[in-house]
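Residue numbers (the UniProt record's numbering), protein chains in the order written: chain U, 1 to 315; chain L, 1 to 290; chain G, 1 to 253. Below is one structure, written out as structure tokens; the observations come after it.
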Amino acid sequence: MVNKQSTANISVQDMIKQNKKKKNIGNGIEKFVPIFLLLCAIVSVLTTIGILFTLLRETFSFFSDVSLVDFYFGTHWSPWTDHFGGVAPLIAGTLLISFIAICVAVPIGLASAIYLSEYATERTRKVIKPILEVLAGIPTVVYGFFALTFVSPLLGNIFSEMRIFNALSAGIVVGIMIIPMIASLSEDAMSAVPHSLRDGGALGLGATRFEVAIKVVLPAALSGIIASIVLALSRAVGETMIVTIAAGATPNLTFNPTESIQTLTAFIVQGATGDTSFHSIIYKSIYAVGFTLFIFTLIMNILSQYISRRFKEDY
Amino acid sequence: MTQQINISQIKGRVTRNKIYKGIFILAISLAMLALATLLYRILSQGLGYLSIDFLKNYPAPYIEEAGIFAGLMGSVFMMCITAPVSIILGVSTALYLEEYATQNRFTRFIQVNVQNLAGIPSIVFGLLGLTLFVYLLAMGYTLIAGALTMSLLVLPVIVVASQEAIRSVPKEIREASIAMGATKWQTIWRIVLPASIPGIITGAILALSRAIGETAPPLIIVGAAAAIYTIPDSFLSKYTVMPIQIYSWTARPQEEWQFVAAAGIIVLLAILLCMNAVAVWIRNKFQKRY
Amino acid sequence: MTAANVFSIEDFNLWYGNDQALYHINMAVPRKEITAVIGPSGCGKSTLLKTLNRMIETIPIVNTSGIIKYNDNNIFEKKQMVEELRTHVGMVFQKPNPFPKSIYENVAYGPKIHGIKKKNVLDEIVEKSLRGAAIWDEVKDRLNQNAYGLSGGQQQRICIARCLAIEPDVILMDEPTSALDPISTLKIEELIKELKKDYTIIIVTHNMQQAARISDKTAFMLNGELVEFSDTDQIFSNPKDKRTEDYITGRFG
């Protein structure tokens with residue numbers, strides 16, 4: 001039944017042996033490929049090094065012209081004058097926007113996550129989750145447009161002293177932008193809480209879904225939830241288009257949300273689009289501001305990873 | 001007696017459960033209401049200005065003549081560079097990490113580094129591009145400088161998506177290939193890659209659609225200009241992209257330009273919607289074959 | 001000239017990191033016979049099998065000492081290319097693991113990676129291999145369909161056909177029927193007996209009846225040691241070692 005000779009009267013093994021002679025090319029590929037792949041993998045490392053290097057180089061050069069103390073503790077930002085001023089108003093603007101955004105996104109995002117993981121049926125989830133994904137996929141330039149042309153005039157009807165460019169409407173829209181992030185990452189954390197913990201621990205004893213959510217699921221998923229909030233905060237800090245379009249370009253050391261302000265990111269856009277020549281003080285200053293921004297977000301990203309790793313529950 | 005107290009207490013708890021459920025539903029409805037309002041506003045403002053001419057025209061000082069053609073083609077040309085560069089680099093990095101790298105400090109370092117890159121604000125990538133591509137490599141404010149900056153920006157997303165796709169290929173079919181006398185690369189090229197390609201493509205499309213929509217901050221830095229009256233004819237052309245074009249219309253003080261911006265946004269969203277639909281279609285078609 | 005024994009294993013030891021899994025194995029596997037390896041889970045029978053085509057080396061922490069000769073050549077020698085060894089020593093796995101490709105592409109995979117490209121030659125090989133695995137009649141009309149659409153037993157025979165396509169000398173089988181229903185198991189067992197005419201078969205099984213039904217020689221392993229190795233009749237009717245007797249009479253394991 002099984003005939004080892006193929007009808008061509010050459011066995012497959014013989015054919016393989018003949019082909020072996022050509023194998024040298026194959027060996028070359030076998031050695032070359034991992035090296036090529038490694039080089040590609042190194043590109044991502046070089047990108048990080050490149051970012052650090054460019055930011056640090058221009059930042060150092062900047063601080064040879066402007067005093068570091070003045071820059072970080074100066075309360076008046078006037079980069080286009082001789083007296084350069086301090087970055088505090090930009091940091092204040094960034095914090096104000098992030099604070100408003102978090103105030104909007106955390107309650108709505110968390111409530112959505114609890115609803116999705118504890119209450120919603122599979123069918124409801126199948127409808128709501130893609131909608132949240134759409135919300136996450138809207139480009140920020142669109143959100144900026146929405147903040148400026150809709151939210152800002154709407155709020156203007158409520159607060160009479162409201163400027164057209166203001167921190168409040170930009171902050172609210174940044175908040176809307178990060179809702180899906182908090183909702184989906186927190187829901188992941190809550191869904192990871194095993195059913196045995198819910199059923200055996202509480203539902204079986206007659207607790208309502210709400211009691212289970214608050215007393216069992218939230219505490220168990222807390223680290224994941226906090227990590228998601230920190231990550232969303234980092235997104236809000238680094239957000240550029242919404243604040244550039246809707247928050248204004250007025251460096252302003254204020255915590256009044258109806259005022260026009262400027263964030264770190266918005267200044268970088270302003271500095272880079274103006275008439276800035278290579279190695280001018282403004283050119284260098286956008287790197288110093290960029291470096292400050294980078295450190296902010298890096299700390300938050302690492303914190304978020306640390307929280308979710310360090311407190312990972314072993315179910 | 002005690003029985004009655006329990007019942008009323010339970011009733012209270014059940015009511016509370018219902019109230020909170022209502023609050024949660026309200027919260028999620030708010031999020032969806034925001035989305036609906038946003039889409040409604042944009043459609044109601046922009047649809048009137050959307051026309052074939054709008055798609056074919058270059059930016060112009062008058063509303064009637066303004067169009068998104070330069071931005072549209074700029075985005076397309078940019079993707080022609082960014083897609084191959086970022087996919088080749090991203091898939092290769094993922095293959096290295098998943099197939100070749102031994103578990104040591106260096107591997108973990110690359111992995112953590114990729115994660116952290118994904119968290120860096122896009123505008124910081126713009127600063128890297130400005131120094132590296134525009135000045136050090138003397139590319140100037142050109143299409144290629146912008147496209148390479150974008151490639152680095154989307155790289156981490158593609159790496160992570162590809163890693164997940166590669167990891168989902170079962171160990172058993174790799175073993176089957178190795179046991180046939182296939183070399184490592186033959187196994188990767190003929191078995192692992194074909195099996196993981198739907199996942200990789202889905203991830204790449206999603207990443208690139210983000211890149212099309214989110215190009216604005218880094219590209220403003222590396223010099224995409226708003227007033228471009230030609231489409232790029234080489235890597236070293238000046239260029240603009242859709243989000244930048246929309247941004248520049250939004251930033252104009254006269255209110256009429258908002259409607260032009262809204263029309264531009266409709267075009268942008270339509271393209272993103274198509275890309276996402278394709279990605280979802282691929283994901284559903286090839287899901288769970290093992 | 002080829003030796004009478006396909007494999008001769010001489011004082012072979014194997015470690016996973018610091019844990020020794022195989023101790024001083026000595027064994028000679030005869031040509032064109034079915035050799036069964038039995039023993040309780042974790043006794044090292046699969047480890048031993050996977051060593052014979054050096055698949056065990058895909059686990060990075062494995063260390064070995066001793067000699068395994070395949071046709072008088074030590075398989076661990078530097079000049080021995082693993083890929084070449086594996087073209088002579090094929091393998092069928094515990095769980096059917098066809099590639100997510102068509103039936104045709106599954107069977108043609110081996111010849112293709114070894115450089116056979118001609119369509120008519122491949123066609124011939126595919127048909128012959130599928131016939132050899134006794135599944136040609138079931139699939140000849142749907143060669144271009146995905147192999148995942150087949151039943152578990154059919155998939156396993158596709159995997160055997162895939163293995164036959166490069167005409168190996170030895171086929172290693174790692175509990176090939178443990179994931180299958182009784183009817184599919186029976187078909188595979190009949191196929192294995194048929195394949196014996198042309199191939200040397202080494203089969204690991206936890207099913208003693210299976211070993212008794214199909215094998216010519218049986219090896220009993222326990223805790224990483226080869227306890228007893230002789231004719232299957234001898235092992236099952238008159239085991240020399242007390243531990244073998246305990247195992248086959250079901251006193252443990």
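Beta carbons are placed, not taken as given, at the ideal position from N, Cα and C, and that holds for glycine. The model shown is predicted, which means the values in this text are computed figures rather than measured ones.
Is it buried or exposed, residue i, if we count other Cβ atoms within 10 angstroms and call 16 or more buried?
i                      : result
residue 43 of chain G  : buried
residue 190 of chain G : exposed
residue 128 of chain U : buried
residue 256 of chain U : exposed
residue 64 of chain L  : exposed
residue 122 of chain U : exposed
residue 133 of chain G : buried
residue 252 of chain L : exposed
residue 174 of chain G : buried
residue 76 of chain U  : exposed
residue 27 of chain U  : exposed
residue 263 of chain L : buried
residue 14 of chain L  : exposed
residue 316 of chain U : Coverage of chain U is limited to positions 1 through 315, which leaves residue 316 of chain U absent and any answer about it impossible.
residue 281 of chain L : exposed
Is DSSP giving residue i helix, strand or coil here?
i                      : result
residue 162 of chain U : coil
residue 21 of chain L  : helix
residue 196 of chain G : coil
residue 221 of chain G : strand
residue 22 of chain G  : strand
residue 73 of chain L  : helix
residue 115 of chain G : coil
residue 180 of chain U : helix
residue 66 of chain L  : coil
residue 12 of chain G  : strand
residue 172 of chain L : helix
residue 209 of chain L : helix
residue 7 of chain U   : For residue 7 of chain U, the pLDDT reaches just 47, beneath the cut-off of 50, and the residue's location in the model is therefore unreliable, leaving the point undetermined.
residue 181 of chain G : coil
residue 231 of chain G : strand
residue 253 of chain G : Low confidence applies here, because residue 253 of chain G scores a pLDDT of 49, under 50, leaving its location unreliable; read the following figure in that light. Residue state, collapsed to three classes: coil.
residue 244 of chain G : helix
residue 136 of chain G : helix
residue 57 of chain L  : coil
residue 80 of chain U  : coil
Is it true that the CB of residue j sits closer than 8 Å to the CB of residue i?
i                      : j                      : result
residue 133 of chain L : residue 222 of chain L : yes
residue 86 of chain G  : residue 53 of chain G  : yes
residue 203 of chain G : residue 188 of chain G : no
residue 97 of chain L  : residue 110 of chain L : yes
residue 69 of chain U  : residue 289 of chain U : no
residue 147 of chain U : residue 93 of chain U  : no
residue 276 of chain L : residue 206 of chain L : yes
residue 147 of chain G : residue 98 of chain G  : yes
residue 140 of chain U : residue 181 of chain U : no
For residue i, list the residues DSSP reports as bridge partners.
i                      : result
residue 253 of chain L : BP columns for residue 253 of chain L are empty, so no partner.
residue 173 of chain G : G:92, G:203
residue 7 of chain G   : G:29, G:70
residue 36 of chain G  : G:203, G:218
residue 226 of chain G : G:221
What in chain A is Cβ-close to residue i, meaning under 8 Å?
i                     : result
residue 24 of chain L : In summary, chain A is missing from the structure at hand, where the protein chains are U, L and G.
Practice problem: Could you please tell me which residues of the stretch 93 to 106 of chain L, in chain order, have their CB closer than 9 Å to any CB of chain G? | Solution: Hits within the stretch, in order: 102, 103.
Exercise. Could you run through the stretch 58 to 78 of chain G and flag, in chain order, every residue whose CB is less than 8 Å away from some CB of chain L?
Key: For the stretch 58 to 78 of chain G, which is checked against every Cβ of chain L, the residues closer than 8 Å are 58, 60.
Quiz item: Which residues, in chain order, does the stretch 107 to 125 of chain G contribute to contact with chain L at a C-beta distance below 9 Å?
Solution: Legend: CB atoms of the stretch 107 to 125 of chain G lying less than 9 Å from CB atoms of chain L belong to residues 109, 110, 112, 113, 114.
Quiz item: the stretch 132 to 144 of chain U: which residues have C-beta closer than 9 Å to a C-beta of chain L, in chain order?
Solution: Flagged, chain order: 132, 133, 134, 135, 137, 138, 139, 140, 141, 142, 143, 144.
Exercise. Can you give me, in chain order, the residues of the stretch 161 to 190 of chain L that have a beta carbon less than 8 Å from any beta carbon in chain G?
Key: Per Cβ criterion, the list reads 170, 172, 173, 175, 176, 177, 178, 179, 180, 181, 182, 183, 186, 190.
Practice problem: For the stretch 178 to 206 of chain G, enumerate the residues whose C-beta is nearer than 9 Å to any C-beta of chain U, in chain order. | Solution: Per Cβ criterion, the list reads 194, 195, 197, 198, 199.
Quiz prompt | Residues within the stretch 195 to 221 of chain U neighbouring chain G, beta-carbon criterion of under 7 Å | solution = From the stretch 195 to 221 of chain U, no residue has a Cβ closer than 7 Å to chain G.
Quiz prompt | Residues, ordered as in the chain, of the stretch 28 to 44 of chain L that lie near chain U by beta-carbon distance below 8 Å | solution = From the stretch 28 to 44 of chain L, only 28, 30, 31, 32, 34, 35, 37, 38, 41, 42 have a Cβ closer than 8 Å to chain U.
Exercise. Below 8 Å between beta carbons is the criterion; list the residues of the stretch 188 to 217 of chain L that meet it against any residue of chain G, in chain order.
Key: Those would be 190, 191, 194, 195, in chain order.
Exercise. Could you run through the stretch 156 to 170 of chain G and flag, in chain order, every residue whose CB is less than 8 Å away from some CB of chain L?
Key: The residues in question are 159, 162, 163, 166.
Exercise. With 8 Å as the limit, tell me which residues of the stretch 84 to 107 of chain G have their beta carbon closer than that to any beta carbon of chain U; keep them in chain order.
Key: Correct list: 84, 87, 88.
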